[in-house]
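Trainee: Pasting a structure below so you can have a look.
2 protein chains.
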Amino acid sequence: MALDHAILVSLLERPGSGYELARRFERSIGYFWTATHQQIYRVLKRMEGDGWIDVREVPQQGRPDKKEYSVAAAGRAALSAWLHEPIEPESVRHDLAVKIRGAAFDDPAALIREVERYRQVHGERLAHYLAGEVRDFTGPGAPHASGPPDAGRELQHVVLRGGIAYERMTLAWLDDVLATLRRLGTAR
Amino acid sequence: MALDHAILVSLLERPGSGYELARRFERSIGYFWTATHQQIYRVLKRMEGDGWIDVREVPQQGRPDKKEYSVAAAGRAALSAWLHEPIEPESVRHDLAVKIRGAAFDDPAALIREVERYRQVHGERLAHYLAGEVRDFTGPGAPHASGPPDAGRELQHVVLRGGIAYERMTLAWLDDVLATLRRLGTAR
DNA sequence: TCCTCTTATGCAACTCGTTGCATAGACAAG
DNA sequence: CTTGTCTATGCAACGAGTTGCATAAGAGGA
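Chains G and A are the protein sequences, given in the same order.
So in the working numbering, spot 66 of the first sequence is number 90, and the numbers just go up one at a time.
So in the working numbering, spot 97 of the second sequence is number 121, and the numbers just go up one at a time.
Structure below.
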């Protein structure tokens with residue numbers, strides 16, 4: 025159950041409302057963890073009940089009021105405890121791999137379109153990550169680009185590099201898959 | 025819900041019991057999809073009720089009887105329908121990435137042990153995949169090593185290559201993470 | 001004024017996945 | 001002959017994740 029902890033980390037990086045968290049989970053946090061607003065609101069409510077986070081009603085102009093959450097001492101302690109306990113490397117689940125092996129009992133060539141669509145999506149993700157890397161880390165206008173070493177920034181960057189490596193690897197593999205499918209299509 | 029379809033593919037590749045499926049999910053299918061025996065038995069029961077698979081009681085000597093499942097026409101049709109409908113690239117969930125960003129609010133150096141453990145596990149997975157590749161695909165004694173092109177074999181191989189690429193990428197990234205954590209540890 | 005869009009929060013129902021436990025046949029070791 | 005291990009199947013309870021729907025305030029346009 026790491027959604028709790030993902031939310032705590034995000035709130036430590038910057039306090040915010042459930043709605044704002046949901047948007048972050050569509051962006052940077054979403055690089056390595058996804059969650060819908062339903063999940064987020066539910067978990068926020070529970071963590072508030074457990075005293076892990078504090079709420080503050082924030083009136084806004086031009087839009088509905090919001091509840092801004094921030095991490096309480098108990099939440100920080102819970103996160104720290106989790107950070108120090110070992111977790112198992114997660115297991116993989118790839119629909120596409122199931123489809124590829126299943127294609128042996130159907131028409132392999134029919135999968136080409138689907139794989140090309142996947143390739144498109146992963147290409148866009150890579151471009152998005154690379155743009156974010158330039159904007160936030162390596163670009164000339166990046167914040168603190170030449171300042172003192174900031175642990176939080178360094179750690180966010182290494183996670184982003186992981187996302188970039190993942191997308192690059194995936195694109196190369198999808199090319200391999202496409203070549204294989206095309207070879208099987210012409211060989212029949 | 026691709027567990028149904030993963031089981032159908034596995035049963036098409038070879039009929040078997042729930043127990044045997046569970047063992048396959050610890051091995052080759054488990055490269056890209058995991059499932060416990062509980063899930064498998066539950067899904068098998070449902071698919072049997074829906075007429076997707078057939079059962080056959082198989083008495084065995086030296087061990088308890090088993091129920092051998094095989095894919096029925098309706099199951100093949102359901103799989104085919106799923107193969108032809110588009111699916112979205114799945115979203116990622118990495119506990120470790122949450123921990124890395126969370127380490128900014130704790131002690132980054134304390135994570136080194138944990139990352140090294142991850143590295144160990146992924147190194148073992150890679151070795152396991154590579155051994156399987158030699159045994160089943162590229163080695164001299166591999167079945168049909170020089171026979172006619174077999175679509176099922178080719179497709180299984182390209183999926184395995186994906187697993188190998190994933191593990192190699194992950195190991196390289198974990199080295200990057202370790203270097204970053206050590207840099208932050210000495211710089212403080 | 002009504003309609004739609006964005007922000008903002010939430011309930012209810014359902015499915016999927018995990019964990020702990022229970023049963024039972026066959027065999028091997030002590 | 002009891003104990004442990006491997007094969008083989010299953011129930012029950014819980015927790016996590018998804019989907020559909022509902023509400024409401026404010027902004028902007030038809």
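A virtual CB, placed ideally from N, CA and C, is assigned to each residue, including glycine.
1. For A:R149, is the classification buried or exposed, using 16 other Cβ atoms within 10 angstroms of its Cβ as the cut-off for buried?
2. Would you kindly report the start and end of the unbroken beta strand (DSSP E) that includes G:R80?
3. Counting beta carbon pairs with one atom in the segment 100-112 of chain A and one in the segment 127-134 of chain A, are three or more of them shorter than 8 Å?
4. Let me check one thing: in DSSP terms, what residues is A:G40 bridge-paired to?
5. With the cut-off set at 9 Å, would you say A:V116 and G:F56 are in Cβ contact?
6. Within its chain, find whatever has a CB closer than 7 Å to the CB of A:Q63; leave out the 5 residues flanking it on each side and keep chain order.
7. Whole angstroms is fine: what's the gap from G:E72's alpha carbon to A:L35's?
8. Exposed or buried, which one is G:E109 when buried takes at least 16 other CB atoms within 10 Å?
9. Identify the contact partners of A:R117 in chain G, using a Cβ-Cβ distance below 8 Å as the criterion.
10. Excluding sequence positions up to five away, which residues of its chain have a Cβ less than 7 Å from the Cβ of A:G75?
11. In three-state terms, what does DSSP make of A:D74?
12. At a Cβ threshold of 9 Å, is G:Q62 touching chain A?
13. Could you give the distance in angstroms between the alpha-carbon of A:E157 and the alpha-carbon of G:P167?
14. Between the C-alpha atoms of G:V33 and G:D200, what's the straight-line distance to the nearest angstrom?
15. Note the first and the last residue of the continuous alpha helix (DSSP H) segment covering A:D119.
16. Given this structure, state the Cα-to-Cα distance separating A:I136 from G:S41, to the nearest angstrom.
17. Helix or strand or just coil, what does DSSP make of A:R159?
18. At 7 Å on the CB atoms, spell out the chain G contacts of A:M193, in chain order.
19. Using the three-state DSSP reduction, which class does A:I51 fall into: helix, strand or coil?
20. Could you have a look at G:F227 and say whether DSSP puts it in helix, strand or coil?
21. Would you decide whether G:D125 is buried or exposed? Buried here means 16 or more other CB atoms lie within 10 Å of its CB.
22. Consult DSSP for G:L106 and reduce its assignment to one of helix, strand or coil.
23. Should G:A151 go down as buried or exposed, given a rule of 16 or more other Cβ atoms within 10 Å for buried?
24. As a quick exercise: from A:T58, A:E191, A:Q84 and A:V139, pick the residue whose alpha carbon is nearest that of G:I111.
25. By how many angstroms is the C-alpha of A:T194 removed from the C-alpha of G:I53?
26. Suppose you measure from the CA of A:Y142 to the CA of G:H118; what does that come to, to the nearest Å?
27. If we ignore side chains and look at the alpha-carbon of each, how far apart do A:G187 and G:I31 end up?
28. Apart from the five residues just before and just after G:R192, which ones in its own chain have a Cβ nearer than 8 Å to its Cβ?
29. Should G:V182 be flagged as near chain A, meaning a C-beta pair shorter than 9 Å?
Mentor: This is what the structure holds:
1. By the beta-carbon neighbour count (other beta carbons within 10 angstroms, threshold 16), A:R149 is buried.
2. Where G:R80 is concerned, the enclosing beta strand (DSSP E) stretches over I77 to V82.
3. Fewer than three Cβ pairs drawn from the segment 127-134 of chain A and the segment 100-112 of chain A lie within less than 8 Å of each other, which leaves the two stretches out of contact.
4. The partner list for A:G40 (beta bridge, DSSP) reads A:Y93.
5. With a cutoff of 9 Å on beta-carbon distance, A:V116 and G:F56 are scored as near each other.
6. Non-local beta-carbon contacts of A:Q63 in its own chain, meaning distances under 7 Å to residues more than five positions away in sequence, involve L27 in chain order.
7. Rounded to the nearest angstrom, the two C-alpha atoms are 47 Å apart.
8. Label assigned to G:E109: exposed.
9. Going along chain G in sequence order, the residues near A:R117 (Cβ under 8 Å) are A26, F56, W57, T58 and E114.
10. Counting only residues of its own chain and dropping the five nearest sequence neighbours on each side, A:G75 has a CB closer than 7 Å to the CB of A96 and A98.
11. Note: A:D74 maps to coil in three-state DSSP.
12. Taking Cβ atoms only, chain A never reaches closer than 9 Å to G:Q62, which makes this a no.
13. In a straight line, the C-alpha of A:E157 is about 46 Å away from that of G:P167.
14. One Cα belongs to G:V33, the other to G:D200, and the distance between them is close to 37 Å.
15. Residues D119 to G126.
16. A:I136 and G:S41 have their C-alpha atoms spaced approximately 32 Å apart.
17. The answer is helix: DSSP assigns A:R159 an H, G or I state.
18. Neighbours of A:M193 on chain G, chain order: A189, Y190 and M193.
19. At residue 51 of chain A the sequence reads Arg, which differs from the Ile that was named. Coil.
20. In the structure as shown, chain G begins at 25 and stops at 212. Residue 227 of chain G is therefore absent and cannot be evaluated.
21. Per the sequence shown, residue 125 of chain G should be read as Arg rather than Asp. So G:R125 ends up on the buried side.
22. Sequence inspection shows Trp at residue 106 of chain G; the Leu mentioned does not correspond to that position. Looking at G:W106 - three-state DSSP - the assignment turns out to be helix.
23. Classification for G:A151: exposed.
24. Cα-wise, what sits closest to G:I111 is A:V139.
25. So the two alpha carbons sit approximately 19 Å from each other.
26. Answer to the nearest angstrom: the Cα atoms are 20 Å apart.
27. Rounded to the nearest whole angstrom, the CA to CA distance from A:G187 to G:I31 is 30 Å.
28. Same-chain partners within the cutoff: L150.
29. Under the Cβ criterion of 9 Å, G:V182 is counted among the residues facing chain A.
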